[in-house]
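Since the structure comes first, as structure tokens, the remarks are kept for the end.
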Amino acid sequence: MSAFAEKEITVSLCMIVKDEEQVLKRCLKSLSGLMDEIIIVDTGSEDATKEVAKRFTDKIYDFRWTDDFSAARNFAFSKASCDYIYSADADEILDDTNRERFLQLKKSLHEEIEIVQMYYCNQLENGSVYNFDRELRPKLFKRLRSFVWTEPVHEMIREYPLVFDSDIEIIHKPLKNHSGRDIGIFEKHIKRGERLSARLSDMYAKELLISGTDEELIRAEDYFTGIAESDDTSPSELKTAVCIVVAASLKRGDHLKMYRYALKETAMEPASEVCYALGEYYLSQNDAKEASVWFYNAAFETESALSLRHGGDLALLKLSHCYELLGNSEQAELYRESAEKWNEKL
1 MSAFAEKEIT VSLCMIVKDE EQVLKRCLKS LSGLMDEIII VDTGSEDATK EVAKRFTDKI
61 YDFRWTDDFS AARNFAFSKA SCDYIYSADA DEILDDTNRE RFLQLKKSLH EEIEIVQMYY
121 CNQLENGSVY NFDRELRPKL FKRLRSFVWT EPVHEMIREY PLVFDSDIEI IHKPLKNHSG
181 RDIGIFEKHI KRGERLSARL SDMYAKELLI SGTDEELIRA EDYFTGIAES DDTSPSELKT
241 AVCIVVAASL KRGDHLKMYR YALKETAMEP ASEVCYALGE YYLSQNDAKE ASVWFYNAAF
301 ETESALSLRH GGDLALLKLS HCYELLGNSE QAELYRESAE KWNEKL
């Protein structure tokens with residue numbers, strides 16, 4: 001089936017905002033002329049966000065913030081009336097090239113397509129939790145879904161949406177790092193005694209390891225220790241939990257606990273993050289030779305569970321440092337160059 005048809009679709013823009021006066025105008029101007037309906041849901045702005053929004057739409061709604069982005073987005077989606085819904089954040093923009101691509105998509109998208117993915121770009125700016133600078137994300141959604149039977153015999157309902165990967169690129173231009181906000185929400189849910197889903201636990205761990213503070217990492221240690229010790233933890237959840245427990249216990253100087261969990265993980269398939277932590281430990285003990293073994297394992301013998309950089313440029317730079325300490329400047333320079341080349345791939 002082709003992704004394209006003749007009828008032009010209509011699109012509702014749905015956004016949730018709070019204190020976005022600095023970036024909202026930029027975003028909405030970049031979407032001007034593309035949207036048939038603009039819905040702005042404000043979750044408690046104390047600046048001029050709503051005044052900015054009023055220049056573009058009269059469909060502005062207040063929503064009491066409950067530390068739940070899904071609840072706010074669901075409320076925004078409930079107000080939409082067009083064929084499709086485009087979900088955007090205030091710190092995103094479309095440039096002229098991608099505005100034209102979006103216009104062409106509106107004119108030609110086949111009505112059976114239920115989700116359109118677009119490239120999210122510039123993700124690594126401001127300490128983002130993401131490992132890649134450009135990746136596909138679902139951004140355009142059919143508002144009303146039709147159920148369709150498939151197969152000529154033993155027929156069944158198609159359960160999964162039809163997804164089209166477009167060439168549209170959305171530029172992410174944040175003014176600040178949002179990790180602190182996100183980690184605060186995770187901590188509130190955990191304080192209420194909730195266990196996060198496997199997906200959210202993974203995202204929490206990534207936030208901590210990639211852009212969190214030492215204090216946030218240490219505060220999360222008990223939660224991830226509980227996951228590591230639970231009988232119903234999956235192997236992937238265990239790997240994630242151990243990475244955080246090892247990193248946090250190393251920060252606290254609890255080397256016995258660090259080793260206990262590192263051994264638990266290396267008995268399975270070791271993660272780069274655990275090897276990296278062991279390298280850090282040996283460096284702290286002034287044992288550059290042993291540290292180099294573990295940084296080498298992080299870079300070349302294992303795969304990352306959470307942070308690609310712990311098995312990439314960070315490990316390579318630590319290897320370079322180890323060889324400097326060992327008096328091998330030539331090898332140190334080779335690893336420095338490898339780290340630079342690794343960064344170019346992201």
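Taking this note's numbering, the leading residue of the sequence shown gets 1, the next gets one more, and so forth. A virtual CB, placed ideally from N, CA and C, is assigned to each residue, including glycine.
- Pairing G212 with N286, the inter-Cα distance amounts to about 26 angstroms.
- Comparing C-alpha distances from E273 to each of R252, C243, S249 and Y282 shows the shortest one belongs to C243.
- Nearest to P161 by alpha-carbon distance, out of L144, E169, H172 and K345, is L144.
- Under DSSP, D165 forms a beta bridge with Q117.
- Distance between D47 and H189, taken at the CA atoms: about 27 angstroms.
- W294 sits in a helix when the DSSP states are folded into three classes.
- Distances from the alpha-carbon of F63 to those of T240, M15 and Y84 put M15 closest.
- Exposure of S236 is indicated by the presence of fewer than 16 other C-beta atoms within 10 angstroms of its C-beta.
- Ranked by Cα distance from G33, the options L94, F75 and E159 are led by L94.
- If you draw a straight line from the Cα of V52 to the Cα of I85, it comes to about 21 angstroms.
- Using a Cβ distance threshold of 7 angstroms, A277 and V245 do not count as a contacting pair.
- The beta carbon of K18 is closer than 6 angstroms to those of T43, G44 and S45 in its chain, skipping five residues each way along the sequence.
- Under the three-state reduction of DSSP output, P138 falls in the strand class.
- In terms of CA proximity to V148, E114 leads the group A271, E114, I227 and L283.
- Rounded to whole angstroms, the Cβ separation of A288 and L314 is 16 angstroms, and the two are not in contact under 8 angstroms.
- Taking each of G311, M268, P270 and L319 in turn and checking the Cα distance to A291, the smallest one comes out for L319.
- For M203, DSSP assigns no beta-bridge partner whatsoever.
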